[in-house]
Amino acid sequence: MLEKLFLNHYEAAAVILSGIGLTNLLLQRNLIKKIIGLNIMDTAVYLFLAAKGYVEGRAAPILLENGAGGWLRSSALYVNPVPAGLVLTGIVVSVSVTAFALALTLKVYEAYGTLNIDEALLKMTQEQEEIESEIENAEEKVLV
Amino acid sequence: MIDTFAFNIPFASIFIMMISAILTPILPKKNRFPEKFSCYAIGTVAILSAYLLYSLSNSGQSLSFNFAMGHFPAPWGNELRAGPLEAVLSLVFCVAMLLSLTGNFDSTAEDIPTNRRQIFCVLVNLLMASLLALTYTNDLFTAYVFIEINTIAACAIVAVKESPETARAALRYLIMSLVGSGLVMISICLLYGLTGHLLMQNMHGAIQVLVTTKNYLLPLTVSLALITVGLAIKSALYPFAFWLPDAHGSSTNSSSAILSGLVLKGHIFILIKVFYRVFGLDVIHLLKMDTVIFILGVSAMVMGSVHAMKQNNIKKMIAWSSVAQVGYIFLGVGLNTVAGVAAACLHIIIHACVKPMLFTAAGGLSSVAGHKKGLHELMGTFYINRWAGMGLITGACSMMGIPAFAGFASKLSLTLSSFESRFMFWALAALATSSVLNALYYVPAVIVVLTHNKKTVSSSMGEYQPSKLYKFSMFVFLILNFYLGLFCVPLLRLITRGVNVL
């Protein structure tokens, strides 16, 4: 069991990291920390993919010269380019999602003056109750 | 055989929506031209999808086809795939999207300032493109990319109405969605590591080999569980649905209609594709995921309605009812038979037509009452905006499953398909309970709206008139509703053919 863990240490690290990221994303109450958790989780997946895509002794998938003016075309010399492509796509996605989440966090901070999502909820319900009580007062005055 | 024009439609419809999303920000803002332009683009795609559906249903033997993007052959290239089910879903998505936009044309203008409306159009176009791509794609990683585009656009159309409440709801929605798409991505990477493929039919072949040789069954179960939970979070299956009422209840009416009617359905359809095309029904049954989905679906049907009963805000009530309706769809998927999945797809279509109608109607009624959304404040609004009132009553009857209304058709087919399942008792019990619970909150809402109230009618509400576009959209919604309720058999036959070739 432990041997396998050491043999696949990249994958093990990726799983641990993604666990850390996921718990941060779910359990942190501070919005910025939540977003950091999201980034840790995404990075863990990229580590996993990059580790899966790497084959010892093979070159990046760009044609190598064979020294006689030609190219080395054997597919056994190169790694599969798809995992790297997936990592790149994933990075683009996570950058845009992070930017959007930060923009929304800024909006929430402007509105409630706090980064804690529970406090924001509390303030929102308090505001609603105040508005409702004002409406009730106004209605009572009209009735009087 | 399919003619060349129809063959190119899956790609063309995604491409048209993408181009339209790029063009909208540079169009002149006068006379709400960008919004009209997006509506025309969506209408074009609807016509194209209808043509695709027509030629697929007339094509005889070859009921589905693969479209190779960039002409790379199968194991390497990226593919789109279209069959009758995909065609009919994209047609319904386009029509529902178009009607949600036209029906709420005025309320969008009230809620969103001019400069933001242009961005709203971009987001709607992107959302439509991603929904079409999710419907047609044959490649899991493409599905992941479009799931993320869908997430960003969906959260942004919540936040586009500027208020603290929507910002908070959108952030909450975004965080839950990101948990979901993170799980989906991990699962796709695991599956890629296990099978070495990203195209669905190649993954299916590799998974069949793994299952018959009994290798790597645990990682396979883990990745199936991760992708199921990830997509369940994004399609608001019950225990993961607490973000939904906030997001759908606080946003502008057209956003609520689009989110409830369409965005949830795109993710459910991807899950159905993963079950059918990647794993296969036998493997799903072997790994016991059908039971999990079934139990969650039943709990959603009951708990969604229980939560809806507690709501006083009409939009939040309708939003919780969406949770219950998503439960119906997952019940059908969990039955794990062709009939069950066909019934689930029928319910996807019917809910995509009924829920936008309910949100449009609720928006029409609350704008009569001065944009108040409390149920007690809507008393007597039926007599001012009769079209909206009709919409609410028809939608409510449909959700309760009264014969001749749309919801009855899907409930009937879900009931019939549950007879051949081993969960028959639980499915029937859940359907019965949930129908009664639906009635318990929709009937009071209808009664409130129909109660004549001289004071409110005479004072502030008197002058309100719904626009012609609103009346027209509501008319089409009502026609669709009765059509689906009365003539669903040919549609169900078409869906069953589509599920069989999925």
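Quick mapping for you: the protein sequence lines, in order, are chains A and B. To convert, take the position in the first sequence, counting from 1, and add 152; that gives the working numbering. To convert, take the position in the second sequence, counting from 1, and add 8; that gives the working numbering. All residues carry an ideal CB built from backbone N, CA and C; glycine is no exception. All values derive from a computational prediction rather than experimental measurement.
Please name the residue, chosen from the options, that lies closest to residue i on a Cα-to-Cα basis.
i, options, result
"residue 423/B", "458/B, 336/B, 229/B and 359/B", "336/B"
"residue 261/B", "340/B, 375/B and 179/B", "375/B"
"residue 338/B", "328/B, 325/B, 323/B and 356/B", "356/B"
"residue 125/B", "93/B, 143/B, 167/B and 153/B", "167/B"
"residue 77/B", "35/B, 478/B, 23/B and 319/B", "23/B"
"residue 104/B", "53/B, 391/B, 302/B and 473/B", "53/B"
"residue 309/B", "473/B, 459/B, 108/B and 441/B", "441/B"
"residue 194/B", "164/A, 157/A, 170/A and 159/A", "170/A"
"residue 305/B", "39/B, 115/B, 436/B and 42/B", "436/B"
"residue 479/B", "434/B, 447/B, 378/B and 368/B", "368/B"
"residue 231/A", "239/A, 213/A, 222/A and 241/A", "213/A"
"residue 273/B", "333/B, 287/B, 284/B and 288/B", "333/B"
"residue 184/B", "242/B, 148/B and 433/B", "242/B"
"residue 225/A", "155/A, 211/A, 168/A and 277/A", "211/A"
"residue 143/B", "291/B, 187/B, 285/B and 127/B", "285/B"
"residue 86/B", "102/B, 206/B, 133/B and 179/B", "206/B"
"residue 348/B", "361/B, 325/B and 280/B", "280/B"
"residue 362/B", "187/B, 404/B and 174/B", "404/B"
"residue 217/B", "175/B, 179/B and 290/B", "290/B"
"residue 454/B", "43/B, 177/B and 322/B", "322/B"
"residue 295/B", "224/B, 325/B and 311/B", "224/B"
Just the Cα atoms here: how many angstroms apart are residue i and residue j?
i, j, result
"residue 431/B", "residue 300/B", "12 Å"
"residue 181/A", "residue 189/A", "11 Å"
"residue 161/B", "residue 276/B", "17 Å"
"residue 18/B", "residue 57/B", "8 Å"
"residue 458/B", "residue 473/B", "18 Å"
"residue 476/B", "residue 386/B", "22 Å"
"residue 407/B", "residue 414/B", "8 Å"
"residue 452/B", "residue 330/B", "18 Å"
"residue 159/A", "residue 200/A", "14 Å"
"residue 445/B", "residue 233/A", "54 Å"
"residue 204/B", "residue 202/A", "14 Å"
"residue 37/B", "residue 100/B", "29 Å"
"residue 14/B", "residue 319/B", "46 Å"
"residue 316/B", "residue 264/B", "16 Å"
"residue 145/B", "residue 238/A", "16 Å"
"residue 21/B", "residue 140/B", "7 Å"
"residue 169/B", "residue 235/A", "39 Å"
"residue 267/A", "residue 177/A", "14 Å"
"residue 275/A", "residue 418/B", "42 Å"
Ends of the beta strand (DSSP E) at residue i?
i, result
"residue 390/B", "No beta strand (DSSP E) contains residue 390/B, which DSSP labels as neither H nor E."
"residue 87/B", "86-90"
Helix, strand or coil: which one does DSSP assign to residue i?
i, result
"residue 396/B", "helix"
"residue 402/B", "helix"
"residue 211/A", "strand"
"residue 378/B", "coil"
"residue 173/B", "helix"
"residue 217/A", "strand"
"residue 245/B", "coil"
"residue 230/A", "strand"
"residue 328/B", "helix"
"residue 223/A", "strand"
"residue 182/A", "strand"
"residue 56/B", "helix"
"residue 321/B", "strand"
"residue 64/B", "helix"
"residue 207/B", "strand"
"residue 268/A", "strand"
Between which two residues does the alpha helix (DSSP H) holding residue i run?
i, result
"residue 146/B", "No alpha helix (DSSP H) contains residue 146/B, which DSSP labels as neither H nor E."
"residue 75/B", "Segment 73-77 is the beta strand (DSSP E) holding residue 75/B; no alpha helix (DSSP H) there."
"residue 175/A", "161-179"
"residue 262/A", "234-264"
"residue 501/B", "496-508"
"residue 302/B", "297-317"
"residue 26/B", "12-31"
"residue 273/B", "272-281"
"residue 419/B", "414-426"
"residue 452/B", "432-458"
"residue 253/B", "252-258"
Taking a cut of 7 Å between CB atoms, which residues from the stretch 83-109 of chain B lie near chain A?
-> none
Residues, ordered as in the chain, of the stretch 116-134 of chain B that lie near chain A by beta-carbon distance below 7 Å | none
When Cβ atoms are compared, which residues of the stretch 188-200 of chain B fall closer than 9 Å to chain A?
-> 189, 190, 191, 193, 194, 196, 197, 198 and 200
Give the residues from the stretch 173-188 of chain B that approach chain A closer than 8 Å (Cβ to any Cβ), ordered along the chain.
-> 173, 175, 176, 178, 179, 180, 182, 183, 186 and 187
In chain order, what residues of the stretch 244-271 of chain A put their CB closer than 7 Å to some CB of chain B?
-> 245, 248, 249, 252, 253, 256, 257, 259, 260, 263 and 264
Mind checking the stretch 152-169 of chain B against chain A and listing, in chain order, the residues whose C-beta falls within less than 9 Å of any C-beta there?
-> 152, 153, 156, 157, 159, 160, 163, 164 and 167
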